[in-house]
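Reviewing the structure listed below.
There are 2 protein chains.
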Amino acid sequence: MTWLDLPADTGFGPANLPYGVFCPAGGRPRTGVAIGDHVLDLAGLTGDPVHATGSLNAFMAQGPDAWAALRSMITTWLTDPAHRERVEPHLLPRDAVTMRLPIEVADYVDFYSSADHAENLGRMFRPGSPPLTPNWKHLPIGYHGRAGTVRLSGTPVRRPHGQRKAPPDPAPVFGPSLRLDIEAEVGFVVGVPSRLGTPVPARDFPSYVFGVCLVNDWSARDLQAWEYVPLGPFLGKSFLTSVSPWVVPLAALSAARVEPPARDEPLLDYLADGDQPWGLDLTLEVRLNGAVVSRPPFARMYWTAAQQLAHMTVNGASLRTGDLYASGTVSGPEREQRGSLIELSWNGQEPLTLPDGTTRSFLEDGDEVTITATAPGADGSRIGFGEVVGRVQAS
Amino acid sequence: MTWLDLPADTGFGPANLPYGVFCPAGGRPRTGVAIGDHVLDLAGLTGDPVHATGSLNAFMAQGPDAWAALRSMITTWLTDPAHRERVEPHLLPRDAVTMRLPIEVADYVDFYSSADHAENLGRMFRPGSPPLTPNWKHLPIGYHGRAGTVRLSGTPVRRPHGQRKAPPDPAPVFGPSLRLDIEAEVGFVVGVPSRLGTPVPARDFPSYVFGVCLVNDWSARDLQAWEYVPLGPFLGKSFLTSVSPWVVPLAALSAARVEPPARDEPLLDYLADGDQPWGLDLTLEVRLNGAVVSRPPFARMYWTAAQQLAHMTVNGASLRTGDLYASGTVSGPEREQRGSLIELSWNGQEPLTLPDGTTRSFLEDGDEVTITATAPGADGSRIGFGEVVGRVQAS
Numbered sequence: 001m002t003w004l005d006l007p008a009d010t011g012f013g014p015a016n017l018p019y020g021v022f023c024p025a026g027g028r029p030r031t032g033v034a035i036g037d038h039v040l041d042l043a044g045l046t047g048d049p050v051h052a053t054g055s056l057n058a059f060m061a062q063g064p065d066a067w068a069a070l071r072s073m074i075t076t077w078l079t080d081p082a083h084r085e086r087v088e089p090h091l092l093p094r095d096a097v098t099m100r101l102p103i104e105v106a107d108y109v110d111f112y113s114s115a116d117h118a119e120n121l122g123r124m125f126r127p128g129s130p131p132l133t134p135n136w137k138h139l140p141i142g143y144h145g146r147a148g149t150v151r152l153s154g155t156p157v158r159r160p161h162g163q164r165k166a167p168p169d170p171a172p173v174f175g176p177s178l179r180l181d182i183e184a185e186v187g188f189v190v191g192v193p194s195r196l197g198t199p200v201p202a203r204d205f206p207s208y209v210f211g212v213c214l215v216n217d218w219s220a221r222d223l224q225a226w227e228y229v230p231l232g233p234f235l236g237k238s239f240l241t242s243v244s245p246w247v248v249p250l251a252a253l254s255a256a257r258v259e260p261p262a263r264d265e266p267l268l269d270y271l272a273d274g275d276q277p278w279g280l281d282l283t284l285e286v287r288l289n290g291a292v293v294s295r296p297p298f299a300r301m302y303w304t305a306a307q308q309l310a311h312m313t314v315n316g317a318s319l320r321t322g323d324l325y326a327s328g329t330v331s332g333p334e335r336e337q338r339g340s341l342i343e344l345s346w347n348g349q350e351p352l353t354l355p356d357g358t359t360r361s362f363l364e365d366g367d368e369v370t371i372t373a374t375a376p377g378a379d380g381s382r383i384g385f386g387e388v389v390g391r392v393q394a395s
Numbered sequence: 001m002t003w004l005d006l007p008a009d010t011g012f013g014p015a016n017l018p019y020g021v022f023c024p025a026g027g028r029p030r031t032g033v034a035i036g037d038h039v040l041d042l043a044g045l046t047g048d049p050v051h052a053t054g055s056l057n058a059f060m061a062q063g064p065d066a067w068a069a070l071r072s073m074i075t076t077w078l079t080d081p082a083h084r085e086r087v088e089p090h091l092l093p094r095d096a097v098t099m100r101l102p103i104e105v106a107d108y109v110d111f112y113s114s115a116d117h118a119e120n121l122g123r124m125f126r127p128g129s130p131p132l133t134p135n136w137k138h139l140p141i142g143y144h145g146r147a148g149t150v151r152l153s154g155t156p157v158r159r160p161h162g163q164r165k166a167p168p169d170p171a172p173v174f175g176p177s178l179r180l181d182i183e184a185e186v187g188f189v190v191g192v193p194s195r196l197g198t199p200v201p202a203r204d205f206p207s208y209v210f211g212v213c214l215v216n217d218w219s220a221r222d223l224q225a226w227e228y229v230p231l232g233p234f235l236g237k238s239f240l241t242s243v244s245p246w247v248v249p250l251a252a253l254s255a256a257r258v259e260p261p262a263r264d265e266p267l268l269d270y271l272a273d274g275d276q277p278w279g280l281d282l283t284l285e286v287r288l289n290g291a292v293v294s295r296p297p298f299a300r301m302y303w304t305a306a307q308q309l310a311h312m313t314v315n316g317a318s319l320r321t322g323d324l325y326a327s328g329t330v331s332g333p334e335r336e337q338r339g340s341l342i343e344l345s346w347n348g349q350e351p352l353t354l355p356d357g358t359t360r361s362f363l364e365d366g367d368e369v370t371i372t373a374t375a376p377g378a379d380g381s382r383i384g385f386g387e388v389v390g391r392v393q394a395s
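In order, the protein sequences belong to chains A and B.
full-length UniProt numbering applies: residue 1 is where the first sequence begins, and numbers increase by one.
full-length UniProt numbering applies: residue 1 is where the second sequence begins, and numbers increase by one.
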């Protein structure tokens, strides 16, 4: 137990200790750890310059032994009253600081690992064909996104312009996207780089991946539908990807590990789960203008983040500190578990009705979307992930 | 005319002045300009710390006025004999220095803008369908690649492992790629960042793009064919992308500008060429183990780099210093103008015969591929781009 007074049901209890980068009023950015309604200023408390760089990258690059050592020290500082006098001056109210993007993003990869999501989109976009492409259950499909437009939660979502063309239209037209959507995802942050030419096995996942954040991969479905054959999504995604300010260390998720779903196809050796697989029992919550519209279950993801890491590097591609890879939209089998509006409104055929009586198939200007998540913590508490939020602006 | 003694037919005459990053023997990396067989050490000559950072990024970020001012000064230093005494000590033989990757790559985007290439691949991969997808002549198709595996020319090409599955096979198999290929491309390097939410018009291309390099986008066709539907190429490309060490400034290419080919479809306003379009008359040359196998003509590219820039940002996506975008494989209409082996060997049906009597459909271990290019220079000389080279290693 901590000597701090924590709010009831805080997701930021002593079993969590997520890392972020914050600016105190008038101060320079530094690394902190969220605890209850406070942030612990690691730069101030430790004096270690690695926590004063303005991103987590330098600390993440130190590797898992350093991560474990610091986590252990922070736990001691926050639970042993003998440290209270020294620590307390470095606790700042979280509502008095400004958060920054926690990592310098190196490469950004987006996977597509929810079978429910992929089947839903397959049914909508390729009616008459099998909902999953033949490769889907043999490898975690993924693609590279734009790292330079990964931004902090709260960044305004300017409605993108671009080309769209419905199949019957004679030619494409240009204008603001009419089908602006969300994708509720979970992001994995690489801490330790790997060498070009040397694959990273799935079992080494916790030696390379530092932690977990929330991702909203904003999507313009009309731009995407017209552009994506044959080389994949580009402008339909690249205008903005929002991430939550707090990175939950992998070490906080030991009690959240679960068996992944049964696999329908035999796995090639490099994708084997091993005896300690990395299914994770996170429950996401998606709110649209304050109303909960979905609770996607991450435990159902067909491919785990460890398998994604092994796949991403099996061709010898190297990792860099700050690489971010996202799970793909998290959807469950029920309507109220779908992680995108195109699924929730079934491509606009079944619009959502919000509590104010208005309906939505896609996002309107002024709409605000908030994604949160929780997971079981080792001490019986809930691990919180904070939130990733964005409001749509006309452009 | 320069006071230096230049080799006949050097591509690095005074009308070129390409930038690179080099290490003198035992020294730290710094920015240099190639002139004949020498490199001019800008860090040593100017004392400006911007040239001692180990990449071109800081200088590129200074923008087009700074680029023009330095180019003008270098021209004076190398042509006015009054400067010879001061300049000469900072000229090093190029064969005595080690080149480095010239830029810190931010995002890497690969386009697909040769109609001949796209038609060839469409005919091979989608027989019975129109060779170009319906969107191809309305927008420059592109996708994001892996920035972290963009490496300097000369980096060994380790044959990637991965999944492949020919359509009749019952399940995928894992192993080294059997269809390792090249893509001869031209790369454009962004110097000046842009703001999120603000598209960059095509006419502003020379205000943002610093220069041009050569790119070999190594490709594992068997991995790519199995993985790429529906989200595009991933592991078939991400193991390595090689770039040439010298970045030719846009200012060196004024005499290479040509009209792009006639367009078959009306262009949306944001893709209009304007009255000073950016077709570029580069001729590439591809050598396999020393034998020229192709001379792809860049002037035939359907989409120009200015149009690619406008498209890439029209949704509000921002640019960063160090963004690299490549043209896509450069192919012409003739067999000996094709920029990839899959086209040159027509998917293995018409293997190439090399001068040593061996045949190739795809790359074998030990094969070396070298891509060079030239363009007309303003003084009647040829502008050279150096080379991008790589040798295949078993793995």
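Using N, Cα and C, we set each Cβ at its ideal position, and we do this for glycine too.
Just so you know, these numbers come straight off a predicted model, no measurement behind them.
| query | result |
| --- | --- |
| Per DSSP, which one or two residues make a beta bridge with Y143/A? | D110/A |
| Could you compute how far the alpha carbon of V258/A sits from the alpha carbon of L280/A? | 6 Å |
| Go ahead and pull the three-state DSSP assignment for N57/B. | helix |
| Is the Cβ of Y270/A closer than 8 Å to any Cβ of chain B? | yes |
| Check whether chain B comes within 8 Å of S294/A, counting only Cβ atoms and requiring the distance to be less than that. | no |
| For E183/A, count the other beta carbons within 10 Å of its own beta carbon; 16 or more makes it buried, fewer makes it exposed. Which is it? | buried |
| In this structure, what does DSSP give as the bridge partners for E285/A? | T372/A |
| If you draw a straight line from the C-alpha of A66/B to the C-alpha of L250/B, how long is it? | 13 Å |
| Under 8 Å, Cβ to Cβ, is there at least one residue of chain A near H38/B? | no |
| Is there a Cβ of chain A sitting closer than 8 Å to that of W303/B, yes or no? | no |
| Spatial neighbours of Q224/A within its chain, please: C-beta separation below 6 Å, excluding the five flanking residues on both sides. | P233 and G236 |
| Flag E227/B as yes if its beta-carbon sits less than 8 Å from any beta-carbon of chain A, otherwise no. | yes |
| If the cut is a Cβ gap below 9 Å, which residues of chain A does T133/B touch? | V229 and P230 |
| Can you find a C-beta in chain D that's less than 8 Å from the C-beta of V189/B? | Structure shown: chain D not included; protein chains present are A and B. |
| Name the DSSP beta bridge partners of D5/A, please? | None, per the DSSP bridge assignment. |
| Could you list the residues in the region 143-155 of chain B with a C-beta less than 8 Å from some C-beta on chain A, going in chain order? | Y143, H144, G145, R146, A147, G148, T149, R151 and T155 |
| On the premise that T329/B lies in contact with G339/B, defined as a C-beta separation below 8 Å, what is that separation, rounded to the nearest angstrom? | 4 Å |
| Specify the secondary structure class of T75/B as computed by DSSP and reduced to three states. | helix |
| Taking C-alpha atoms, which residue in G197/A, G390/A and V157/A lies nearest to A310/A? | G197/A |
| Give the DSSP bridge partners of I383/A, in chain order. | A375/A |
| Using a C-beta cutoff of 8 Å, does L250/B count as contacting chain A? | no |
| Provide the residue span of the beta strand (DSSP E) that contains residue 434/A, from first to last. | Because chain A in this structure spans residues 1 to 395, residue 434/A falls outside the shown range and cannot be described. |
| Kindly list the residues whose CB is nearer than 7 Å to the CB of G36/A, restricted to its own chain and excluding five residues on each side of it in sequence; keep chain order. | L4, L6, P7, T10 and F12 |
| By the criterion of Cβ-Cβ separation under 7 Å, what are the contact partners of Q163/B in chain A? | H138, L139 and L268 |
| Kindly give me the distance between the Cβ atoms of V248/A and I383/A, rounded to whole angstroms, as I take these residues to be in contact under 8 Å. | 6 Å |
| Anyone know if the C-beta pair for I103/A and V189/A falls short of 8 Å? | yes |
| Any contact of the region 200-211 of chain B with the region 167-179 of chain B, i.e. 3+ C-beta pairs under 8 Å? | no |
| Here's a check: name, in chain order, each residue in its chain whose Cβ is nearer than 6 Å to the Cβ of A52/A, leaving out the five neighbours to either side. | R30 and A43 |
| Within 10 angstroms of its Cβ, does E343/B collect 16 or more other Cβ (buried), or is it exposed? | buried |
| Just how far apart, CA to CA, sit S238/A and V389/B? | 31 Å |
| Whether or not the region 70-87 of chain A and the region 100-118 of chain A are in contact is what I'm after, with contact meaning three or more pairs of Cβ atoms, one per stretch, closer than 8 Å; do they touch? | no |
| Just mark P130/A as buried or exposed, buried being the case when its beta carbon has 16 or more other beta carbons within 10 Å. | exposed |
| Let me see if you follow: with CB-CB separation under 8 Å, is Y19/B close to chain A or not? | no |
| Taking V392/B and L180/B to be in contact with their CB atoms under 8 Å, please state how far apart those CB atoms are, rounded to whole angstroms. | 6 Å |
| Taking the alpha carbon of V150/B as the reference point, which residue from G175/B, G162/B and N216/B has its own alpha carbon closest? | N216/B |
| Indicate the three-state DSSP secondary structure (helix, strand or coil) for Q393/B in the structure shown. | strand |
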